[in-house]
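S.K.: One structure, pasted below without further comment.
Numbering (the working numbering), first residue to last: 316 to 667.
Take a look at the structure:
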């Protein structure tokens, strides 16, 4: 009897090892196309969300999944030639890897790569899209995408951010809106203008600044004409000679010269030094896309999933900025809120 039991356990162990080896041999190949660079905080949050979602659906790197990430680096390199070169590299990688699913993060990955892959055999999930995805002609509609593509949109939590602002400054009613002139910001500026009445605020001024001089002039001009400054992206601002200025320099100048409470739309912007935000969650964007990708890996076609927007955001307040502006943040507002004690761009300057 003991011998029979030993043989039974040996057989079970052999079958388990065989199953593990088979799973490893037939690992699912997942390719993430990141529009930006690996060190960008938004990219880190999106990547973390994707990986956690895949793991929860039992797709484990090195066991039954091989995950590869390609960084297009178009936040630091904004010229069209670079974007075209990166799209060619991405296409070459796709043809070599033959991924089982492609996850494309942010608009440039969709605009420069995914548009070349519509109606191919590769299933695609996009995330972090600021524009209307139907404009890229890779889906038919949000509710019925068709083709081989689905995903989720990135939408600023403007009305929620305005409610949060009014919790700190109940009388705030006039906002000035400043941004660079990059592709991420343009559709957001249009939506803010359209939603201002619903958010119970008036847009006192709005500017998509191409140059640092334009940025500085607008911020100074709004000091007496607005109650708060809404700051979008500050990553594609140039000097008068056309050279790009480091985003840290743009925001550092803003924090040192602006005395209006700032509202941002991303966690990393509040960590950098802006006052507050009902922030878009990069983690939730990635998690949503990762979950869709897992379902596709399990056999469901992309066109069965409507294109949606993750509902959860993240309330963020920079206590260091509040102190420098002489503002008191109510105790109850600090509960279930991501709090930052320092302003990252000012802290980095101190180190230098």
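Beta carbons are placed, not taken as given, at the ideal position from N, Cα and C, and that holds for glycine.
Quick caveat: nothing in here was measured; it's all calculated off a predicted structure.
Please state whether DSSP places residue 509 in a helix, a strand or coil.
M.R.: The answer is helix: DSSP assigns residue 509 an H, G or I state.
S.K.: What first and last residue would you give for the alpha helix (DSSP H) that runs through residue 544?
M.R.: First-last for residue 544: 543-546, but that is the beta strand (DSSP E), not the alpha helix (DSSP H).
S.K.: Quick check on the DSSP output: the alpha helix (DSSP H) that includes residue 490 runs from which residue to which?
M.R.: No alpha helix (DSSP H) contains residue 490, which is instead part of the beta strand (DSSP E) from 489-495.
S.K.: To which residues does DSSP link residue 638 through a beta bridge?
M.R.: Answer by DSSP bridge pairing: none, since residue 638 is not bridged.
S.K.: Going by Cα to Cα distance, which pick from 495, 422, 500, 480 is closest to residue 468?
M.R.: Among 495, 422, 500, 480, the Cα nearest to that of residue 468 is on 422.
S.K.: Kindly list the residues whose CB is nearer than 6 Å to the CB of residue 499, restricted to its own chain and excluding five residues on each side of it in sequence; keep chain order.
M.R.: Cβ neighbours of residue 499 beyond the five flanking positions: 445, 548.
S.K.: The alpha helix (DSSP H) that contains residue 396, what's its start and end?
M.R.: From DSSP, the alpha helix (DSSP H) with residue 396 extends over 395-412.
S.K.: Excluding sequence positions up to five away, which residues of its chain have a Cβ less than 6 Å from the Cβ of residue 360?
M.R.: For residue 360, where only same-chain residues beyond five positions count, the Cβ hits under 6 Å are 597, 598.
S.K.: In angstroms with no decimal places, state the Cα-to-Cα distance between residue 570 and residue 413.
M.R.: Rounded to the nearest angstrom, the two C-alpha atoms are 47 Å apart.
S.K.: Once the 5 residues before and after residue 645 are set aside, which same chain residues still bring their CB inside 8 Å of it?
M.R.: If we look at residue 645 and ignore the five residues flanking it on each side, its Cβ neighbours are 482, 483.
S.K.: Kindly list the residues whose CB is nearer than 8 Å to the CB of residue 462, restricted to its own chain and excluding five residues on each side of it in sequence; keep chain order.
M.R.: For residue 462, where only same-chain residues beyond five positions count, the Cβ hits under 8 Å are 433, 434, 453, 454, 455, 617, 618.
S.K.: Could you tell me if residue 649 is buried or exposed, where buried requires 16 or more neighbouring beta carbons within 10 angstroms of its beta carbon?
M.R.: The residue is exposed, with fewer than 16 neighbouring Cβ atoms inside 10 Å.
S.K.: Using DSSP with H/G/I as helix, E/B as strand and the rest coil, what is residue 658?
M.R.: Coil at residue 658, not helix or strand.
S.K.: Would you kindly check if the distance between the Cβ of residue 487 and the Cβ of residue 519 is under 8 Å?
M.R.: The answer is no: Cβ separation not under 8 Å.
S.K.: Determine whether the beta carbon atoms of residue 523 and residue 496 lie at a separation below 8 Å.
M.R.: Cβ distance < 8 Å, so residue 523 and residue 496 count as in contact.
S.K.: Ordered along the chain, which non-local residues of its own chain (more than five positions away) have a Cβ less than 6 Å from that of residue 336?
M.R.: Its pLDDT being 39, under 50, residue 336 is placed unreliably by the model, and the measurement read from it follows with that caveat. Taken in chain order, the list of residues that qualify is empty.
S.K.: Looking at residue 557 and residue 594, is the spacing between their C-beta atoms short of 8 Å?
M.R.: The answer is no: Cβ separation not under 8 Å.
S.K.: Whose CA, out of 572, 479, 622, lies closest to the CA of residue 652?
M.R.: The candidate whose alpha carbon is nearest that of residue 652 is 479.
S.K.: Could you tell me which of 634, 641, 604 sits nearest to residue 625, measuring between CA atoms?
M.R.: For the residues 634, 641, 604, the minimum Cα distance to residue 625 belongs to 604.
S.K.: Leaving out five residues on either side along the sequence, give the residues of the same chain with a beta carbon under 7 Å from the beta carbon of residue 476.
M.R.: The residues are 578, 580, 592, 593.
S.K.: Determine whether the beta carbon atoms of residue 516 and residue 472 lie at a separation below 8 Å.
M.R.: Their beta carbons are not under 8 Å apart, which means residue 516 does not touch residue 472 by this criterion.
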